[in-house]
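Report on the following structure.
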Amino acid sequence: MLYIRKSPPSKEAADNISRVKTERKYLLDRQDPQAARRAFDSLDKSKIRKSLIREQHGLCGYCMRRIGDAGSTTIEHRAPVDKNLDRVLDYENMIGVCDGGRTADKEDWPEGRHILCCDASKGDREITIDPYDKNHMDKIRYSEKGRIYTYPEDKVLERDINDVLHLNGLDGLDTSTGLLRARREAYRSYVRGMRRQGGKVSRAYIEGRIKAIESQEIYPAFAGVILFFLKRKLRELTQKEERQAYKSKIEFEEQLREKIRGEEIPPSPCGEAEGV
Ligand SMILES: [Zn+2]
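Start counting the sequence shown at 3; every next residue gets the next number (this note's numbering).
Printed below as a string of structure tokens:
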């Protein structure tokens, strides 16, 4: 999961939403979930999808699989429609997500189980975790084995990650979309990049790789995993540099003190009689 900087909708998406709000007002006024959904279904979804995909850099807002401007990208309501009728056409409440494995080939199901993720497993449940909330996203961590977790541990967010969105699979099995496997592979590609540096990973190399990803309109799938490990490495390098700078400063001060001591004139033996 990656922080998504929520932006205003594209002009064509905004125009479409406002037209539907006017033309389907009679449906929205009914305060009925089915009527609200009919109003939502009369949106030009491709315009909304395009706008969401742009601000999400082409990744599912929950699992970071690649999503495209096609029917397989679902426009998900983060706050479920049934309990938030007034937010059915609220762009702020819309997030582009993958199909969650609904169309995954049966041979890809782990041990024959169809384990869905993202909106496909969430359904109309309410969640706390919010990719639009930077504080939430700053807690997201990845293990080398491909697991997503929070640090410091946040039980509420972990419940959403594990029990609602199934981002770590279910019952020890991966999802039908192979999320754990894909995150492990993203970690391995990070390691391969590091190894190519021959044990001399420089700050410039890491910053360059981060920039190369973050400057793209469309991120590679699971970019959040690689960015997480790159940024962690950058923090480690910074700490190492700070420790070295501190050590050099102490050594310099010690040398300076010794130099001053060496230059000091010994005190004169005043008050001592010399055979007067
Ligand atoms: Zn997804």
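Even glycine gets a Cβ: it sits at the ideal position worked out from N, Cα and C.
Item to check | Shell residues, 6 Å Cβ cut-off relative to heavy atoms of ligand 1 | outcome: Every residue whose Cβ sits closer than 6 Å to any heavy atom of ligand 1 is listed here in chain order: Cys62, Tyr64, Cys65, Arg67, Val99, Cys100, Gly102, Cys119, Cys120.
Next on the checklist: Could you pull the DSSP bridge partners for Leu169 from this structure?
Outcome noted: Translated into the one-based positions of the sequence shown, residue 169 becomes position 167. BP columns for Leu169 point to Gly171.
Item to check | Minimum C-alpha distance to Thr76 - residue among Arg115, Ala38, Gly125 | outcome: Reading the sequence shown from its first residue, position 74 is the one you call residue 76. Comparing alpha-carbon positions, the option among Arg115, Ala38, Gly125 lying closest to Thr76 turns out to be Gly125.
Next on the checklist: Restricting to Cα atoms, I'd like to know which of Lys202, Ser191, Met196, Tyr153 is closest to Ala225.
Outcome noted: Here residue 225 corresponds to residue number 223 of the sequence shown, with the count starting at 1. Checked all of Lys202, Ser191, Met196, Tyr153; the closest Cα to Ala225 is Ser191.
Checklist entry - Buried or exposed: Gly121, going by 16 or more other Cβ atoms within 10 Å of its Cβ? => result As a first step, residue 121 must be located in the sequence shown, where it is residue number 119. Just to set this straight, residue 121 is Asp in the shown sequence, not Gly. That one is buried.
Item to check | Test item: CB-CB of Tyr64 and Leu167 under 7 Å | outcome: For the purposes of this step, residue 64 is taken as residue 62 along the sequence shown, with counting starting at 1. For the purposes of this step, residue 167 is taken as residue 165 along the sequence shown, with counting starting at 1. When the beta-carbon positions are compared, Tyr64 and Leu167 come within less than 7 Å of each other.
Item to check | Under 7 Å between C-beta atoms of Lys52 and Asp31 | outcome: For this step, residue 52 is matched to residue 50 along the sequence shown. For this step, residue 31 is matched to residue 29 along the sequence shown. Result no, Cβ atoms of Lys52 and Asp31 do not sit closer than 7 Å.
Next on the checklist: Let's test the definition: count the other Cβ atoms within 10 Å of the Cβ of Asp101 and tell me whether it reaches 16, buried, or not, exposed.
Outcome noted: Taking the sequence shown and counting its residues from 1, one reaches residue 101 at position 99. Classification for Asp101: buried.
Next on the checklist: Rounding to the nearest angstrom, what Cα-Cα distance links Asp17 and Glu243 in this structure?
Outcome noted: Residue 17 sits at position 15 when you count from the first residue of the sequence shown. Residue 243 sits at position 241 when you count from the first residue of the sequence shown. Asp17 and Glu243: Cα-Cα distance of roughly 52 Å.
Checklist entry - Between the beta-carbon of Arg2 and the beta-carbon of Leu232, is there less than 7 Å? => result No statement about residue 2 is possible, as the shown extent of the chain runs from 3 to 278 and does not include it.
Next on the checklist: So, at 8 Å on beta carbons, what are the nonlocal neighbours of Glu128 in its own chain, with the 5 sequence-adjacent residues on each side left out?
Outcome noted: Locating residue 128 in the sequence shown gives position 126, counting from the first residue. Excluding positions up to five away in sequence, the list reads Ala81, Pro82, Lys85.
Checklist entry - Under the three-state reduction of DSSP, which class applies to His116: helix, strand or coil? => result As a position in the sequence shown, residue 116 is number 114, starting the count at 1. In this structure, His116 counts as coil in the three-state DSSP scheme.
Item to check | Chain-order list of residues whose beta-carbon lies under 6 Å from that of Met3 (same chain, five-residue window excluded) | outcome: Translated into the one-based positions of the sequence shown, residue 3 becomes position 1. Closer than 6 Å at Cβ, skipping near neighbours: Pro133, Ile142.
Checklist entry - If you check the beta carbons only, do Val22 and Ser44 fall under 7 Å apart? => result Looking up residue 22 in the sequence shown gives position 20. Looking up residue 44 in the sequence shown gives position 42. Result yes, Cβ atoms of Val22 and Ser44 sit closer than 7 Å.
Item to check | Neighbour-count burial assignment, Glu201, 16 or more Cβ in a 10 Å radius | outcome: Residue mapping note: residue 201 aligns to position 199 of the sequence shown, counting from 1. A small correction: the amino acid at residue 201 is Gly; Glu does not occupy that position in the sequence shown. That one is exposed.
Next on the checklist: Taking the alpha-carbon of Gly148 as reference, which of Ile19, Arg185, Arg104 has the nearest alpha-carbon?
Outcome noted: Indexing the sequence shown from 1 puts residue 148 at position 146. Checking every option, the nearest Cα to that of Gly148 belongs to Arg185.
Next on the checklist: Relative to the C-alpha of Ala15, which candidate in Arg7, Leu87, Asp92 has its C-alpha closest?
Outcome noted: Residue 15 sits at position 13 when you count from the first residue of the sequence shown. Measuring from the Cα of Ala15, the nearest candidate turns out to be Asp92.
Checklist entry - Identify the residues that DSSP records as bridge partners of His79: which are they? => result As a working mapping, residue 79 is identified with position 77 in the sequence shown. DSSP output for His79 lists Met96 as bridge partner(s).
Checklist entry - Beta-carbon separation of Asp1 and Ile131 under 7 Å? => result One cannot answer for residue 1 here, as it falls past the ends of the chain, which runs 3 to 278.
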